[in-house]
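**Student:**
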Ligand SMILES: [Zn+2]
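Residue numbers (our numbering): 5 to 143.
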């Protein structure tokens with residue numbers, strides 16, 4: 005598989021398989037006018053298989069959202085055909101209005117004007133819990 009290398013932009017590497025589409029949705033990459041390449045099930049020495057996203061423009065990326073989806077990614081910043089920086093991300097301690105609480109009895113299900121706030125409660129397994137009812141985001 006051959007994909008044009010990018011001149012100025014980002015290569016989001018080491019995404020877990022299946023996460024590329026989540027990033028695409030949550031970061032609204034479909035609204036970009038530049039080239040975006042999504043590669044899934046790419047071979048990786050470190051992870052066996054991985055997803056990769058290439059964005060052919062230096063856009064503003066919401067790093068907190070990206071780290072929330074997959075904290076283990078590497079972001080390669082490309083300028084003039086060269087990788088000038090490799091960035092690792094830190095999980096955000098708090099995410100606001102990125103995901104919705106699934107607990108039907110949660111106050112956020114009743115009071116729709118409330119911000120949806122989740123707090124990082126376990127770094128190792130990337131667990132976020134609702135600030136109001138403590139429901140886990142992943143259950
Ligand atoms: Zn809740």
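Even glycine gets a Cβ: it sits at the ideal position worked out from N, Cα and C.
1. Assess, as a yes-or-no matter, whether the segment 34-46 is touched by the segment 64-71 under the definition of 3 or more beta carbon pairs within less than 8 angstroms.
2. Does the beta-carbon of residue 5 have 16 or more other beta-carbons within 10 angstroms, so that it is buried, or is it exposed?
3. Classify residue 100: buried if its beta carbon has 16 or more other beta carbons within 10 angstroms, exposed otherwise.
4. At which residues does the alpha helix (DSSP H) containing residue 27 begin and terminate?
5. From the DSSP output, in three-state form, read off residue 35 for me.
6. Excluding the 5 residues flanking residue 15 on each side, which residues of the same chain have their C-beta closer than 7 angstroms to its C-beta?
7. Go ahead and pull the three-state DSSP assignment for residue 70.
8. Please name the residue, chosen from 18, 49, 128, that lies closest to residue 97 on a Cα-to-Cα basis.
9. Measuring from the CB of residue 111, is there a heavy atom of ligand 1 at a distance below 8 angstroms?
10. Where does residue 140 fall in DSSP's three states?
11. Heavy atom of ligand 1 less than 8 angstroms from the Cβ of residue 101, yes or no?
12. If I follow the unbroken beta strand (DSSP E) through residue 1, where does it start and stop?
13. Taking the straight line between their C-alpha atoms, what separation do you get for residue 10 and residue 115?
**Tutor:** Considering the structure as presented:
1. no
2. Confidence at residue 5 is low in this model, with a pLDDT of 45, below 50, so its placement is unreliable and no value can be given for it.
3. exposed
4. 23-30
5. helix
6. 56, 58, 80, 82
7. helix
8. 128
9. yes
10. strand
11. no
12. In the structure as shown, the chain begins at 5 and stops at 143. Residue 1 is therefore absent and cannot be evaluated.
13. 45 angstroms
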